[in-house]
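Q: Chains A and B are the protein sequences, given in the same order. Here our numbering runs 13 ahead of the position in the first sequence, where the first position is 1. Here our numbering runs 13 ahead of the position in the second sequence, where the first position is 1. Sharing a structure below in structure tokens format, with a few things to ask.
There are 2 protein chains.
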Amino acid sequence: MSIGQSIPRVDAWEKVSGRAKYTDDLVDRNALIGKILHSTIANGLVTKMDTGEAEKIPGVVKIITCFDVPDICFPTAGHPWSTDPAHWDPMDRRLLNRRVRLYGDDIAAVIAEDEVAASRALRAIKVEYEEYPVMLTPEESMKEGANLLHENCPNNILKHTSVTDGDFEEAIKEEGLIKFEGDFETPMVQHCHIETVTSWAYMENGRIVIVASTQIPHIIRRIVGQALDIPWGQVRIIKPYIGGGFGNKQDSLYEPLNAYMTTQVGGRLVKLELSREEVFFGTRVRHGEKIHLESWVRPNGRLVARSYTAYSNQGAYGSHGHGIAAKGTNVFRQLYRDEKARKTDIYTVHTNTAAAGAMRGYGTPQTVFAVESHIEDIARQLKLDPLEIRFLNVMPVGFVDPFTKNVNYFDSFHQCVDKGKAYIKWDEKRKLYQNQCGPQRRGVGMSLFWYNTAVWPISIEISSCRMVMNQDGSVQVQLGETEIGQGADTVFTQMAAETLGIPWEQVHVISAQDTDITPFGTGAYGSRQTYVGSAAIKKVALMLKEKVLRCAETLTRMSASSLDIIDGNIVLTTNNNQVLVSLAELATETLYHVDHAEHLTAESTAQVKTNAFSFGCAFAEVEVDIPLGKIKLLDMVNVHDCGRLINPKTAAAQVHGGMSMSIGFGMYEQLLYDPRTGKLLNSNLLDYKLPTMLDHPHLEAQFVENYEPSSAYGTKALGEPPTVPGASAIRNAVLHATGVGINKIPLTPHVLFAEFKAAGLI
Amino acid sequence: MSIGQSIPRVDAWEKVSGRAKYTDDLVDRNALIGKILHSTIANGLVTKMDTGEAEKIPGVVKIITCFDVPDICFPTAGHPWSTDPAHWDPMDRRLLNRRVRLYGDDIAAVIAEDEVAASRALRAIKVEYEEYPVMLTPEESMKEGANLLHENCPNNILKHTSVTDGDFEEAIKEEGLIKFEGDFETPMVQHCHIETVTSWAYMENGRIVIVASTQIPHIIRRIVGQALDIPWGQVRIIKPYIGGGFGNKQDSLYEPLNAYMTTQVGGRLVKLELSREEVFFGTRVRHGEKIHLESWVRPNGRLVARSYTAYSNQGAYGSHGHGIAAKGTNVFRQLYRDEKARKTDIYTVHTNTAAAGAMRGYGTPQTVFAVESHIEDIARQLKLDPLEIRFLNVMPVGFVDPFTKNVNYFDSFHQCVDKGKAYIKWDEKRKLYQNQCGPQRRGVGMSLFWYNTAVWPISIEISSCRMVMNQDGSVQVQLGETEIGQGADTVFTQMAAETLGIPWEQVHVISAQDTDITPFGTGAYGSRQTYVGSAAIKKVALMLKEKVLRCAETLTRMSASSLDIIDGNIVLTTNNNQVLVSLAELATETLYHVDHAEHLTAESTAQVKTNAFSFGCAFAEVEVDIPLGKIKLLDMVNVHDCGRLINPKTAAAQVHGGMSMSIGFGMYEQLLYDPRTGKLLNSNLLDYKLPTMLDHPHLEAQFVENYEPSSAYGTKALGEPPTVPGASAIRNAVLHATGVGINKIPLTPHVLFAEFKAAGLI
């Protein structure tokens, strides 16, 4: 039984010793260097480009401008392809753009023999523009007569959806209802993966090979095919170890351009490695959102009717687009259940900022911040216990979601909250901190969250797996699902070992994906790895086991129905699991059999047509220094029901990382733009305030294990949920400490000072 | 129909443009450098080794001596493993040797940060020996009381086999028989592949990864496991493009030592690249043989009884051992059929020369030289036409070999000889050259050959294949069988395309093998690629096709039995092959299907329990300058029946290369040892006379295509046979020109001068 054990990460030694190879470690020393010329205006048109001087620079091999590239629009979002065009992501991207939509847009590219020549060439290119006004917020870009960024987006609205459940107007007529409103604002933040966006591409036998730091190699293959208008089989993507992605690399970022570059230099190898600055302004960010909530509530706290209006800042390009705002509405609709009616009205709006895409949480952190702040405010104003009001309204046990058919099987919310309360000493501290005065005050706050696993039925969910048995009975596992630092390879190892009946040390997951060889899987996103990938692992492990037992039948002359594999041996179940023969002997005998030799392998695709609710909560304790406008986070706990734990230690590590991101989101991080030029001002890790371990208290990760019945190994989402509830828990702790509920994050001293002043505390 | 077309080699562009990556191209720039210390005596014992000074040299990381390595004996021959120990190859090799058996034996190894430090360290190691007498020939080493090289080889005989068919003593009593005898001698030669023996090894997640220039990655995995006494699954071999092997790389050469080296430096990457000199003296060579033939013949030329005695110089280590001499006896027994009896008596004998192993032809060039020279001499002395005497005795149509069950289905010998005669203008020139005098004389000669394909039933023959379909209907093909420069990938492409019904451009053979991922196949040897590999390709292509047609049934609503794939489209066979849907549409629809998504792949193992006779002949025309002792090869043709031609141009290229090797074998090449020290004297490409294109006339390759019914695509051996008949054809042409039959090759001026003088021509 390797499941449930905290086996060491299978890639631990390689990564700790610095031996693990990442994209840039693998590049040939003779690679050409590609660099991108970025626009120095935020909105406009390139009218002229003069590359004459640049081309004279020694070492410059090729310059490609926005006037040269094919006029093909392609999508970039890392979703599974759909044969139904209604499910296609926005196709608004070109390899290089004449129409400039953000400060730093890609308008030309240089390929040179070395970094210096490439950089010099960038500086030598002369560009002339036609400039339009800069629009950094949906308010600005939705204005009547505003300059249009994409022709097919009137008023710069990429998409607007409005859904009403129940008769809202009728519902609010109920007598005695109290109306609450709140306006919430969340920042645009960046993923800040350690490894920047890096790829290198070359041609081999007429095909394009791209080695890329991506979460989604098989999807990148398709998008590159679309972007270059070539058959998808002409593209091969290889994904080595990657240094973090967090959703940014669930987009096709520069692989299509890199692919095009190599075609322009006769297939020579071209490396395209982005600087940290380029990653900040030119890749993807989390959508900044403004959310208006309106709730009609009975005095006892029961929600009767609610409405949710959100403006999601999409930035310059479509990427994952409206999906993020839409996922937010799901949180709004499902975490709490209104008795009568519910309205959602969401806008995804283009502006001249960085294109917003997927980021760990995928819209959930924004909405949970709003919803969990709002309910806290309602509780406070109604003088109700904040936990009581939540449990009065929270999704009930037995709830079946009409769209996904997901079932809430367990009383996870109560179980998680009980653990969180106990850890943070909730009852004691709620009481202790209730009558503070003085400049430093403490408080405890909490937040629930909801998340669903994987993307069915929005997109298809498939995963393919192949297993290859060696002569010693050990097994390689190939999977399209990707290790991106989250520990996927380790849990895949444990799953395969469990079903095959072999020690985990005998399972070797092939960590790198190669779309030419690796069974198709869509990659790492939607917290789907353990949920969808596991379906393929179990299916294929059982196929391989069946083959093994069929061989064992011949070898041992026992009925396969009386045989099993335990700890790498064929055992006779009818005789107290007597060991008959080792898998090593069986595999060797089978492979070299004079009469019926066979290389024992198995491969198949699993399609998953379910998903599962993941739940949990965070509790935070803070000390607020009112005059300084500073929050000190004293303690924090996340409690997750992610189903059965495959590996408690790596699960906890996932939670720690997510909690850190939620702290950054709530307290420190935001992208700041110059309103005049549209230039991103803090595009580096000095000016962008990413919290580190030193900024954190002890981060406590706890779990409730309810075996998820729709999942091959009882698991459900854990990758993204840890990022979700932290910001609202901190915000509510500050409210508890100071009486001031602050609806705009991050809770920086600038914000706190203004709020405390307005509240008369300063 | 891509079979039968001379499509360009699929790796042509990569190789011609210099872009194809070979082992050394792929090594990380931070690799440690391994170098081997070779003994400076040919026979003896290392009594003491002082590495003290060497270890002080800056940059030296580790020195390993023959006193350090584990005392494990392992085999090196690249044969499939057998679960029956009776089939095991000699296990006489250690990683490093205290007991020195050849000049240049491996006695220590250095691992250093760079080449210079490694080389300096080698020079600084002090060695003391106990020396024994040098034995370079079987005559010397078989002498009573000779020093024993291997304890289990009495009289230094690795193996001796003696087989008699029929009653020999009785048979030779037949009245009127004429007895003929001949003694033949063939040289020890080296393969001289362009890429020297190169590998690099490192550890990953506790396992050993070796990137190696080898013909047999899956076999190397097993041998490294044996050599280090670790489970075979702990070893992973990756084989990139390789620059020739010719059988030398059908041995485990330095992969085990390289693997051991990395374990001694904590798994750091160690590169071990041999110099040309090391390849010559320290890897493998073709067995030099001395063959005695005795034939009892009726006056009409009919062979009645024959005997064959051979001494095969095995050199210092066992490697492929007796298999080479044994294969020679098969040629002797099968090319011609005696009426009554036949005796073979063969010895494989250790000496202090380079270890002899597999080399293109595997014993056949030696025996065919003897047999085809001998029959020519008989014809000449009996005044019979040399073709007539051959056809009187040659293996008849319908012959069934009792051991292999091979059937000689066709009259290939006549068909091949007819073509060869016509090309060389045999009848005309035999007459024209019959009464020459003067110093320059011309002659034509010929030789038949026999070869059988693959190694069944000596060893198992299996090949596994996997095919992976892309969204555009193109397909990757993975196979354990290896491209080693012979064009295997190209013919595999054509085979897969034919059976799948898609254009060959849509087939992408994964050229590199990786034992973790690549379906098991034993590699390139025994001219087995198109014969055994094809069985797997056909089997798996049919499996994939069946899957495709099953999907097509759903998609088109037609019965799968009425559907076929032609030129990448699903067609309705009952309606004049009407195109219903493209494979691209089908593959995309299937992969992303909302209800039953599937990545279309197929994988299986094919076991081949047949082999097939390959036949043919060579005709040569020479001009001999008698006083100068020089032969000018004027023209040469090889005619092969290798079954159906998959790719006529690459088949011809195979033949050209083999003919060149046969010319070298017959006229130029030999390893020369210093009899006093046992040191190889010509271990470089300046002193070792390898012929080049400039030394050759036009090399004509012709074919007879008899579809081989035991083969998946009608093919049989072509890889090795071209090397076989050339030397005897040249020798027989010299006989025709001068009347002197020379039984020792190469036919260098030294040999010719002595022979012509003895014959009274000079």
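Note that the Cβ used here is the ideal one computed from N, Cα and C, for glycine as well.
Could you check what DSSP says for I233(B) in three-state terms: helix, strand or coil?
A: In the structure shown, I233(B) sits in a helix (DSSP, three-state: H, G or I).
Q: Quick check on DSSP: helix, strand or coil for H100(A)?
A: Three-state DSSP puts H100(A) in a helix.
Q: Go through the region 168–251 of chain B residue by residue and report every complete run of the alpha helix (DSSP H) that reaches 4 residues or more, in order.
A: Here the runs fully enclosed are 181–184, 230–241.
Q: Can you find a CB in chain A that lies within less than 9 Å of the CB of D485(B)?
A: Cβ-Cβ to chain A under 9 Å: yes for D485(B).
Q: Sort T209(B), P452(B), T89(B), T177(B) by Cα distance to P640(B) and report the nearest one.
A: Considering only alpha carbons, the answer is P452(B).
Q: Leaving out five residues before and five after E66(A) in sequence, what residues of the same chain have Cβ atoms less than 6 Å from its Cβ?
A: Contacts found: A137.
Q: Taking Cβ-Cβ distances shorter than 8 Å, what residues in chain B pair up with D529(A)?
A: Per Cβ cutoff of 8 Å: V481, Q489, H521, I523.
Q: Relative to the C-alpha of V457(A), which residue among L646(A), R235(A), A573(A), P759(A) is closest?
A: The shortest Cα separation from V457(A) among L646(A), R235(A), A573(A), P759(A) belongs to L646(A).
Q: Where do the ends of the alpha helix (DSSP H) carrying H749(A) lie?
A: 739–751 is the extent of the alpha helix (DSSP H) around H749(A).
Q: Residues of chain B with CB under 9 Å from F87(A), in chain order?
A: What F87(A) touches in chain B: nothing, since even the nearest Cβ is about 15 Å away.
Q: Can you list, in chain order, the residues of the region 246–278 of chain B whose Cβ is nearer than 7 Å to any Cβ on chain A?
A: Cβ contacts with chain A come from G246.
Q: Does the Cβ of W101(A) have 16 or more other Cβ atoms within 10 Å, making it buried, or fewer, making it exposed?
A: Exposed, since its Cβ has fewer than 16 Cβ neighbours within 10 Å.
Q: Note down the Cα distance separating G72(A) from C205(A), rounded to an integer number of angstroms.
A: Their Cα atoms are separated by approximately 32 Å.
Q: Between P230(A) and the rest of its own chain, which residues show a CB-CB distance below 6 Å, the 5 nearest in sequence each way excluded?
A: Answer for P230(A): I250, K252, Q526, T528, listed in chain order.
Q: What residues from the region 649–678 of chain B come within 7 Å of chain A, judged by C-beta to C-beta, listed N to C?
A: From the region 649–678 of chain B, no residue has a Cβ closer than 7 Å to chain A.
Q: Contact between the region 546–559 of chain A and the region 596–616 of chain A is defined here as three or more beta-carbon pairs at a separation below 8 Å; is this criterion met?
A: Yes, the region 546–559 of chain A touches the region 596–616 of chain A.
Q: Kindly indicate if chain E contains any beta-carbon less than 9 Å away from that of V23(A).
A: This model lacks chain E altogether, as its protein chains are A and B.
Q: Quick one: using the 10 Å Cβ neighbour count with 16 as the cut-off for buried, is H711(B) buried or exposed?
A: Exposed, because fewer than 16 other Cβ atoms sit within 10 Å of the Cβ of H711(B).
Q: Could you tell me how far apart the beta carbons of N465(A) and F626(A) are, in whole angstroms, since I believe they sit closer than 8 Å?
A: Right, the Cβ-Cβ distance comes to about 6 Å (below 8 Å), so this counts as a contact.
Q: Beta carbon of T60(B), beta carbon of T78(B): below 9 Å?
A: In this structure, T78(B) does not lie closer than 9 Å to T60(B) by Cβ.
Q: Which residues, in order along the region 618–630 of chain B, keep a beta-carbon less than 7 Å from a beta-carbon of chain A?
A: Residues T618, Q620.
Q: On the DSSP letters alone, give me the boundaries of the beta strand (DSSP E) that Y360(B) sits inside.
A: From DSSP, the beta strand (DSSP E) with Y360(B) extends over 354–363.
Q: Just confirm the distance between the C-beta atoms of G670(A) and H653(A), as a whole number of angstroms; I'd bet it's less than 8 Å.
A: Their Cβ separation, rounded to whole angstroms, is 13 Å, which puts G670(A) and H653(A) out of contact at 8 Å.
Q: State the CB to CB distance for the pair T601(A) and T96(B), rounded to an integer number of angstroms; the pair is presumed to be in contact (CB under 8 Å).
A: 7 Å between Cβ atoms; contact.
Q: Which residues in chain B have a C-beta closer than 9 Å to the C-beta of I232(A)? List them in chain order.
A: Within 9 Å Cβ-Cβ: nothing; I232(A) doesn't reach chain B, min ~11 Å.
Q: Assign A321(B) to one of three DSSP states: helix, strand, or coil.
A: Inspection of the sequence shows that residue 321(B) is occupied by Tyr rather than by Ala. If DSSP states are grouped into helix, strand and coil, Y321(B) belongs with the strands.
Q: Across which residues does DSSP place N326(A) in a beta bridge pair?
A: BP columns for N326(A) point to V362(A).
Q: Which whole-angstrom value describes the C-beta separation of K356(B) and Y321(B), a residue pair presumed to lie in contact below a C-beta threshold of 8 Å?
A: Contact holds; Cβ gap of about 7 Å.
Q: I'd like to know whether the C-beta of L604(B) is nearer than 9 Å to at least one C-beta of chain A.
A: Yes, its Cβ sits closer than 9 Å to a Cβ of chain A.
Q: Around the C-beta of N110(A), are 16 or more other C-beta atoms found within 10 angstroms, so that it is buried, or is it exposed?
A: Under this definition N110(A) is a buried residue.
Q: Under 9 Å between C-beta atoms, does I337(A) make it to chain B?
A: Cβ-Cβ to chain B under 9 Å: no for I337(A).
Q: Going by the beta-carbon positions, is the gap between Y544(B) and A664(B) smaller than 9 Å?
A: Against a cut-off of 9 Å, the Cβ pair of A664(B) and Y544(B) comes out as no contact.
Q: Closest Cβ-Cβ distance between W26(A) and chain B: below 9 Å?
A: By this cut-off, W26(A) is an interface position.
Q: Can you pull the chain A residues whose beta carbon is under 8 Å from the beta carbon of R235(B), in chain order?
A: By Cβ distance, chain A contributes Q484.
Q: When the distance is taken between beta carbons, is E302(A) closer than 9 Å to T377(A)?
A: Against a cut-off of 9 Å, the Cβ pair of E302(A) and T377(A) comes out as no contact.
Q: S547(A) lies in the alpha helix (DSSP H); which residues open and close that run?
A: Start and end: 547–569.
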